[in-house]
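Here the structure is laid out as structure tokens; the discussion comes afterwards.
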Amino acid sequence: MIKVYNTLTREKEIFKSIIPGKINMYVCGPTVYNYIHIGNARSSIAFDVVRRYFEYRGYQVNYVSNFTDVDDKIIQRAREEGVDEMTIANKYANAFIEDTLPLNIQPATVRARATEVIPDIIVFVQDLIDKGYAYEAKGDVYFRAKKFKGYGILAHQDLNEMTENAAGRLDDEEMTRKEDPIDFAVWKATQAEDEISWESPWGNGRPGWHIECSVMAQKYLSNTIDIHGGGIDLAFPHHTNEMAQSEAHTGQKFVNYWMHNGFVNVNNEKMSKSLGNFTTIHDMLKHYDDPMTIRLLLATTQYRRPINYSSDTLTQARVALDRIRTGYRNLLFRLNTAAVGKDADLEVTIKKQIAVFEMAMDDDFNTPNALAAVFELVTLANTYADNKTVKVETVQYLLDTILLLLGVFGITELNDKPQITDAQKQLLAARVSARVAHDFELSDQIRQQLSEGGVIVEDTAQGQRWHQA
RNA sequence: GGUAAUAUAGCCAAGUGGUAAGGCAACGGUCUGCAAAACCGUCAUCGCCGGUUCGACUCCGGUUAUUACCUCCA
């Protein structure tokens, strides 16, 4: 029984999919006008973990995410760089794909793009007009927010105050177009001749922000979807508006479970493109060669909580991951010297930790508690590996279990295939001989030499063990 | 101003009405030719003030601080 915190109800609810065994989820992807930063990555990773856990639990997950590839910021960026909008959009959409690959984020089942669904958007908007939920004004089309019952409840905002706030921001010209300051654009008239645009019943224009997600969620999933995810900042206005549009359009509930991840902070301030205090994944990957550390770092905090990003927390995550890898390797080394059979008692203990892991993840994806269970298994692995005799089936079971559970966090490789030179192989062999001969001076010297070449040698009761630094 | 969230050891971070998981760091042991790795042990009374309760860190009220959202933003 999996419980999911639903932003709409502000409660953890028992999860039940519409179709048994299958899940339709939509996660808001980036507006592609810049490289993604760690905050954006957190969102992708948080929902990747959600997806992987559902898959671990046996669900078939249909995961749709989008690129919003037409938008004010893209147009502005194109202006600044003197290129057309699609050049910008394609560049950063590709960068997103490149940057998320090393982070081991599974590709969406469908990766949709706003510009690919313009005809669907136009149909959608026309329907809103036909139903009286939207109106055209000088080429723009606005949604009558107050006509939609319950507008604003997702973000728990007071309608009157929202209206006041909105009014304060609008200029006179906008006020004359909008019936109500709180109304939002579902279609925007083209502002300049050279701007990207599509023909529509309301003249040349482009989609407003929000509408693309409503359209794509419906087109690639269904009228009612199980889960809709995104950063907490999207609760308002983005998801609020999506919900209003979609439900006005279909007359059905749009989303059963709204999930929102917390922010990544830097110095206790949110990391954001507008504040300029962001570290892009693109840059980070250039200077940091162990992207799995990011995945572990994010797993140490529950997805709804804010997380502070710093070199300290990153280092701690790196060390923690090393501990897991070392334990895994230590046990893996015993595979060579394991006896046939299994240790039934230990397997019972392992199963207990699996249960702890699952209980934690069932509770709204409590990765910190789940991770604690993994660490218990690592300690078990190290302790077991220290035994005089170990049984091959149990060693393998423990190895498989650690990898299986970490796989839910997207950490799917713990022992990168070591690559050593023939010379290093010979040195390792020579060192074994030296130790047999009790020539410690020579063996220490060889160990030093290997270490300089990045091969770390350790001596155990079962002989010489080595790994790459 | 409105609406929320958060406040737990040096750091990161879970958690329950009955005396605080896990990781990092630190300290002390064990093992080891040495080293490394590992294992064992030690290390907090939960922002502040009240209240409810036999008992609260866990509920209620207040207070302080921090952060976020209130149409750029994951």
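Under our numbering, the letters of the first sequence match residues 601 to 1069, in that order. Heads up, the beta-carbon is just placed ideally off N, CA and C, and yes, glycines get one too. The structure displayed is predicted, hence computed values, not measured ones.
Taking the straight line between their C-alpha atoms, what separation do you get for residue i and residue j?
{"i": "K853", "j": "T700", "result": "32 Å"}
{"i": "A1037", "j": "V992", "result": "31 Å"}
{"i": "F1009", "j": "I825", "result": "24 Å"}
{"i": "F965", "j": "Q1049", "result": "46 Å"}
{"i": "V815", "j": "H839", "result": "13 Å"}
{"i": "H637", "j": "W858", "result": "23 Å"}
{"i": "A939", "j": "L977", "result": "21 Å"}
{"i": "Q1064", "j": "A1034", "result": "12 Å"}
{"i": "A678", "j": "T687", "result": "8 Å"}
{"i": "L1027", "j": "L1014", "result": "25 Å"}
{"i": "F748", "j": "I954", "result": "46 Å"}
{"i": "P1138", "j": "L999", "result": "Outside the displayed span of the chain (601 to 1069) sits residue 1138, for which this structure offers no information."}
{"i": "G739", "j": "G805", "result": "8 Å"}
{"i": "T900", "j": "D1039", "result": "46 Å"}
{"i": "I619", "j": "I796", "result": "40 Å"}
{"i": "N690", "j": "V632", "result": "8 Å"}
{"i": "A693", "j": "M762", "result": "33 Å"}
{"i": "Y605", "j": "I614", "result": "9 Å"}
{"i": "P891", "j": "T915", "result": "12 Å"}
{"i": "Q791", "j": "G629", "result": "26 Å"}
{"i": "S911", "j": "D1016", "result": "24 Å"}
For residue i, is the classification buried or exposed, using 16 other Cβ atoms within 10 angstroms of its Cβ as the cut-off for buried?
{"i": "M871", "result": "buried"}
{"i": "K778", "result": "buried"}
{"i": "N666", "result": "buried"}
{"i": "A944", "result": "exposed"}
{"i": "D756", "result": "Residue identity check: residue 756 is His in the sequence provided, not Asp. Exposed, because fewer than 16 other Cβ atoms sit within 10 Å of the Cβ of H756."}
{"i": "S1051", "result": "exposed"}
{"i": "A734", "result": "buried"}
{"i": "L789", "result": "In the sequence as displayed, the identity of residue 789 is Ala instead of Leu. A789 is buried by the Cβ-count criterion."}
{"i": "Q676", "result": "exposed"}
{"i": "D772", "result": "exposed"}
Consult DSSP for residue i and reduce its assignment to one of helix, strand or coil.
{"i": "F878", "result": "coil"}
{"i": "R918", "result": "helix"}
{"i": "H1038", "result": "coil"}
{"i": "Q1026", "result": "helix"}
{"i": "N634", "result": "coil"}
{"i": "Y984", "result": "helix"}
{"i": "N606", "result": "strand"}
{"i": "G830", "result": "strand"}
{"i": "H810", "result": "coil"}
{"i": "D962", "result": "helix"}
{"i": "F854", "result": "coil"}
{"i": "N868", "result": "coil"}
{"i": "T1060", "result": "strand"}
{"i": "K756", "result": "The displayed chain sequence assigns His, not Lys, to residue 756. Three-state DSSP puts H756 in coil, outside helix and strand."}
{"i": "V990", "result": "coil"}
{"i": "T1001", "result": "helix"}
{"i": "M601", "result": "coil"}
{"i": "T913", "result": "helix"}
{"i": "I614", "result": "strand"}
{"i": "D945", "result": "helix"}
Would you kindly check if the distance between the Cβ of residue j and the Cβ of residue i is under 8 Å?
{"i": "L935", "j": "V995", "result": "yes"}
{"i": "F696", "j": "G829", "result": "no"}
{"i": "D727", "j": "H882", "result": "no"}
{"i": "R744", "j": "D783", "result": "yes"}
{"i": "A1069", "j": "I1046", "result": "no"}
{"i": "Y909", "j": "N865", "result": "yes"}
{"i": "R1118", "j": "H860", "result": "The first residue shown for the chain is 601 and the last is 1069, placing residue 1118 beyond what the model contains."}
{"i": "I1020", "j": "Y928", "result": "no"}
{"i": "F863", "j": "P906", "result": "yes"}
{"i": "V855", "j": "V786", "result": "no"}
{"i": "W798", "j": "E736", "result": "no"}
{"i": "L1042", "j": "R895", "result": "no"}
Short of 6 Å in beta carbon distance, which residues of its chain neighbour residue i, apart from the five on each side in sequence? Order them along the chain.
{"i": "M884", "result": "none"}
{"i": "Y751", "result": "A745, A844"}
{"i": "Y635", "result": "A695, T880, H882"}
{"i": "S800", "result": "I722"}
{"i": "L946", "result": "T994"}
Only counting the same chain, and skipping five residues up and downstream in sequence, which positions put a Cβ closer than 7 Å to that of residue i?
{"i": "A708", "result": "Y663, V664, S665"}
{"i": "F654", "result": "I623, V661"}
{"i": "K886", "result": "none"}
{"i": "L931", "result": "A981, Y984, A985, V995, L998, L999"}
{"i": "G1054", "result": "Q1068, A1069"}
{"i": "P1018", "result": "H1067, Q1068"}
Short of 8 Å in beta carbon distance, which residues of its chain neighbour residue i, apart from the five on each side in sequence? Order them along the chain.
{"i": "L754", "result": "T607, L608, A835, F836, H839, T840, M843, W858"}
{"i": "D962", "result": "M601, I602, K603"}
{"i": "L770", "result": "K778, P781"}
{"i": "G732", "result": "R744, K747"}
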